[in-house]
Each structure stands twice: as C-alpha cells, then as structure tokens.
Amino acid sequence: MAYYRSVGDIPPKRHTQHRREDGGLYYEELMGEEGFSSDSSLLYHRHIPSAIVDASPWELPDQTLTANHPLKPRHLKLHALAEGQEWKTADVVTGRRLVLGNADVRISYAVAGETSPLYRNAIGDECVYVESGSGAVETVFGALPVRQGDYVILPRATTHRWVPAEGEPLRAYVIEANSHITPARRYLSKFGQLLEHAPYCERDLRGPQEILTTEAEDVPVLVKHRTAQGISGTRYVYPHHPFDVVGWDGCLYPYTFNVADFEPITGRIHQPPPAHQVFEGADFVVCNFVPRKVDYHPLSIPVPYYHSNVDSDEVMFYCGGNYEARKGSGIGQGSISLHPGGHAHGPQPGAYERSIGVEFFDELAVMVDTFKPLELGEGGIASEDEGYAWTWSGRGPR
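Residues in the sequence shown are numbered from 1251 upward in steps of one, following this note's numbering.
Have a look at this one:
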C-alpha cells in the first residue's frame, strides 16, 4: 500500500551514486509491482543482488489438490496435523501442510519450533496469521517481531525466514496468493490512505524499524515460483547473504497488523460479512470476526441468518473465543469450516434461538471467501471430520 517508509542509509536522490566509506558503490535494487507502474521500494546492497553460484530443484511440500466432490460442507481439525512433539523439528516454510486451494489462493497450516530456511515466494504475496506463539520474521527489509494475533504481510519475492521463540510452538495459518494482498479498496483514498470509515489505520501497521545487515558466504535460498506446468521450487545459492542491505525506502515492504487493533463495525441488526473485511487479493477476500458488541435492535437475532454463497466458497478458521453459531457442530479452536458455493449454511440447530438477547460475542475467527471453487489439499483430507455435513439434520446419509 502507498505508505512511505525509509530505513537505514539511503542517498538524497534516487538512482544516483551511493558510496561506501571506502569509495566503492552500493548496488541499488528496485523492487516493484506491476511492471514499474505500482508500489515499489529501493534497496541498497553491499553486493550485487542478482549474483548466484548454484541453482538446483527444490521439492515442495505436497501441492496436490482434490475436488470437493460430492459437494459438501467440511470441517477440518488443523490441530490434528501436529499432535505430539513433531513441531520441535519443523519450520514454517518446509513444514506447511496444504489444506485448501485453487488457482488464486492456497491455504496451509504449519506448527514450528525451528528456524526456517531463507525463502522467497515468487508466485504472490503471503498473509500469515499467527494463531499462537511468537518470534520474528527476518527479511531483506529488516526484522519484524511477531506475536499471537498478528497478520504478517509479505510482498511477493521478499526474501525472509521465520524464527520462532524457543520453547513454544509457533502456529501459522498461511494464506498464499497468486496476486498481491492489500487492504480492502473501499477503505482507501484514491491516493492510498486509509479512510475514516476503515476499521484500522496506518498507526496500526508495523513495518521494519532497522536494517538487518548479515555477512555470510554461499547462502541457500528456497524459491517457490511458476512454471508452465504449475508451481515448482528452486534452491539458489548466493555468494553473499541476501541480508546485505544498508538502507531502503518506498511503499512496498513487509508489515504486521494485529487482529486486536481491528475495530469492529456493528449495527442495530446483523452486519453482513463485508463489514468484517481486512484484506483482499485477486478473486478472494480476508475478513476477521473479533470480540464485539452485537446487534441491538429490540427484535434482533445476533447470530448470522442462513445464507447461500452463490458466488463464493467460505472458509472460517476458528482461532479464539467461543463461536456462538457453531455450538454443537464439533468445531473448536484450530478448526476450519468450508462452506462451498451452492450450499446454504448458517447456525447450528438451537443457536438461532439462543442468541436472542445476547449483547456481546467473544469470538475470534479468520475468514477467506474465494470466487472460484476450493479443492482439498493433503492436509485438509488428513484432518477432516467426516460427520460435519450432517450436523444440521442430526443424521447421516441414507
């Protein structure tokens, strides 16, 4: 988004000589979107940023997708993917389990205790929600502390690595786009400022504060990228560490936004899902449902009305509180519900009536709505609750 920052040592004028103390030149890199016609930043490196000494295939975690057929609502228990102590030797990059995906977005889950390899997603931006745990994301722009409830926005092709804090698992809900991820356009002025009706503002966004200059030789970086056949991986080796930046400035960089800083939009009657939107990408949106005062019309029914997403699939990740509408379904902390287009869904039996008179919902969930059908990844298939589709009727298939 168009929110200018400057960190470290940069020259007074762009695209001009920037010299080291010994008289040598720093190497300027323009990192920009949409063919130099959208947001960008200028980074100043100690070494030539395009120099590599090796390139070899990197086998990605399983990217297989299986159609949601027959068409059913699904309940996926993500915590079942990482039971026991496996997290102690896993990392956020290579330990991802693909849960759902389509041509526009892929949703994965990782539970990690190890520092990840250096990594770059050259396919699209990443939006990573930290369900629990803490640590840091070290990037070519600098380090970002991360904590429970943080969204971490990583622009396409940002070299970075995840460093979990010692002694606790970092649970990461990973939304990988095939595009850029931005605040909802209706929240932005024509020049990119967050407007008064937006549920958050620039003060809530936290970018790198200091550069992270690192010296090392023959440094591997894993790159996820596109090929004619789909998604692939390559392992580069750089002669010098990519974190050799002495300064940068611009409007393109990673940042964090904590869900606790989202100011919910409420009303006398039930507010539709767009009121909860936080980000968007090409053909998908990200919303969050946070603790809030609920509908205060004297005849209101606070839980959602039954609804058919005729143009989209709806994915809810339940990550805190007590989600009133789902009582009796088996859904709890760490669950995903997938409600596909073509299927009417809504509160579980009894929730509609129980919500009358309720004034506050203590719930926390991250929602992704997609405008193309979602398919199941291996992590989704491995964590499915097979009985969920029948919970509204109380009986299984005949």
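From the three backbone atoms N, C-alpha and C, an ideal C-beta is built for every residue, glycine too.
Close Cβ partners of residue i (< 8 Å) along its chain, the five nearest in sequence each way excluded
| i | result |
| --- | --- |
| Ile1302 | Tyr1486, Val1487, Tyr1488 and Pro1489 |
| Phe1507 | Asp1400, Tyr1401, Ile1403, Tyr1450, Asp1454, Leu1455, Arg1456 and Val1528 |
| Thr1210 | Outside the displayed range of the chain (1251 to 1648) lies residue 1210, so it cannot be described from this structure. |
| Tyr1254 | Asp1499, Gly1500 and Cys1501 |
| Arg1370 | Ala1407, Thr1408, Thr1409, His1410, Val1471, Leu1472, Val1473 and Lys1474 |
| Phe1286 | Leu1280 |
| Leu1368 | Thr1409, His1410, Arg1411, Val1469, Pro1470, Val1471, Leu1472 and Pro1492 |
| Tyr1277 | Tyr1294, His1295, Arg1296, His1297, Ile1298 and Pro1299 |
Rounded straight-line distance, which links the Cα of residue j to that of residue i
| i | j | result |
| --- | --- | --- |
| Ile1298 | His1491 | 11 Å |
| Gln1267 | Pro1470 | 29 Å |
| Thr1365 | Gly1531 | 28 Å |
| Ser1290 | Arg1264 | 12 Å |
| Asn1318 | Glu1452 | 39 Å |
| Val1540 | Ser1439 | 25 Å |
| Ala1525 | Pro1548 | 21 Å |
| Trp1308 | His1475 | 11 Å |
| His1557 | Ala1594 | 5 Å |
| Pro1599 | Pro1504 | 43 Å |
| Val1473 | Ser1550 | 51 Å |
| Gly1392 | Gln1398 | 20 Å |
| Glu1336 | Lys1577 | 30 Å |
| Val1536 | Val1390 | 26 Å |
| Arg1269 | Leu1275 | 4 Å |
| Ser1288 | Thr1316 | 35 Å |
| Leu1626 | Gly1517 | 36 Å |
| Leu1445 | Tyr1437 | 6 Å |
| Val1349 | Tyr1423 | 10 Å |
| Gly1580 | Thr1344 | 30 Å |
| Lys1543 | Leu1326 | 28 Å |
| Gly1334 | Glu1467 | 36 Å |
| Asp1635 | Ser1587 | 10 Å |
| Trp1642 | Ile1515 | 29 Å |
Member of the options whose CA lies at the smallest distance from the CA of residue i
| i | options | result |
| --- | --- | --- |
| Asp1511 | Arg1370, Leu1310, Val1355 and Tyr1401 | Tyr1401 |
| Ala1360 | Thr1409, Glu1426, Ala1305 and Ala1317 | Glu1426 |
| Gly1591 | Cys1501, Thr1516 and Leu1624 | Leu1624 |
| Met1281 | Ala1372, Gln1335, Glu1634 and Arg1356 | Ala1372 |
| Tyr1573 | Leu1614, Leu1310 and Pro1433 | Leu1614 |
| Leu1420 | Gln1479, Gly1385 and Gln1598 | Gly1385 |
| Arg1356 | Asp1635, Phe1441 and Ser1429 | Ser1429 |
| Leu1552 | Tyr1602, Val1396 and Val1535 | Here residue 1552 turns out to be Pro, not Leu, going by the sequence shown. Ranking the options by Cα distance to Pro1552, first place goes to Tyr1602. |
| His1329 | Phe1567, Ser1482 and Asn1352 | Phe1567 |
| Phe1610 | Ala1575, Glu1636, Asp1635 and Gly1627 | Ala1575 |
| Gly1582 | Ala1448, Val1608, Tyr1638 and Gly1627 | Tyr1638 |
| Asn1538 | Leu1326, Ala1434 and Asp1272 | Ala1434 |
| Asp1659 | Lys1322, Asp1312 and Val1343 | Within the shown structure, residues of the chain are numbered from 1251 to 1648, placing residue 1659 beyond reach of any answer. |
| Gln1479 | Glu1283, Gly1442 and Gln1313 | Gln1313 |
| Ser1482 | Glu1284, Arg1296, Leu1310 and Asp1272 | Leu1310 |
| Ser1616 | Val1378, Ile1606 and Pro1395 | The residue you asked about is not Ser; residue 1616 is Val in the sequence shown. Selected option, being the one with the closest Cα: Val1378. |
| Ser1382 | Gly1442, Gly1584 and Thr1484 | Gly1584 |
| His1589 | Ile1606, Val1565 and Thr1463 | Val1565 |
| Ala1305 | Trp1640, Val1495 and Thr1484 | Thr1484 |
Simplified DSSP assignment, three categories, for residue i
| i | result |
| --- | --- |
| Tyr1602 | helix |
| Ala1510 | helix |
| Pro1523 | helix |
| Asp1619 | strand |
| Gly1627 | strand |
| Leu1321 | coil |
| Glu1284 | coil |
| Trp1498 | strand |
| Glu1609 | coil |
| His1490 | strand |
| Leu1445 | coil |
| Ala1466 | coil |
| His1430 | coil |
| Asp1304 | strand |
| His1475 | strand |
| Leu1328 | helix |
| Arg1270 | coil |
| Glu1418 | coil |
| Arg1453 | helix |
| Ala1277 | The amino acid occupying residue 1277 in the given sequence is Tyr; Ala does not appear at that position. If DSSP states are grouped into helix, strand and coil, Tyr1277 belongs with the strands. |
Sequence-distant residues of its chain with Cβ nearer than 7 Å to residue i (five each side left out)
| i | result |
| --- | --- |
| Tyr1555 | His1520 and Gly1596 |
| Gly1497 | Val1257, Gly1258, Asp1259, Ile1260, Tyr1294 and Ile1461 |
| Leu1331 | Arg1347, Tyr1359, Gly1629, Ala1632 and Ser1633 |
| Gly1571 | Pro1541, Asp1612, Glu1613 and Leu1614 |
| Asp1533 | Asp1354, Thr1620, Phe1621 and Lys1622 |
| Val1560 | Gly1591 |
Close Cβ partners of residue i (< 6 Å) along its chain, the five nearest in sequence each way excluded
| i | result |
| --- | --- |
| Arg1406 | Gly1374 and Asp1375 |
| Asp1341 | Ala1362, Glu1364 and Ser1366 |
| Pro1523 | Cys1537 |
| Ala1415 | Ser1384 and Gly1385 |
| Glu1513 | Pro1449 |
Which runs of the alpha helix (DSSP H) fall wholly inside the segment 1332-1415 and span at least 4 residues, in chain order? none
Which ranges does the beta strand (DSSP E) cover as unbroken runs of at least 3 residues, wholly within the segment 1549-1596, from first to last along the chain? 1563-1571 and 1585-1589
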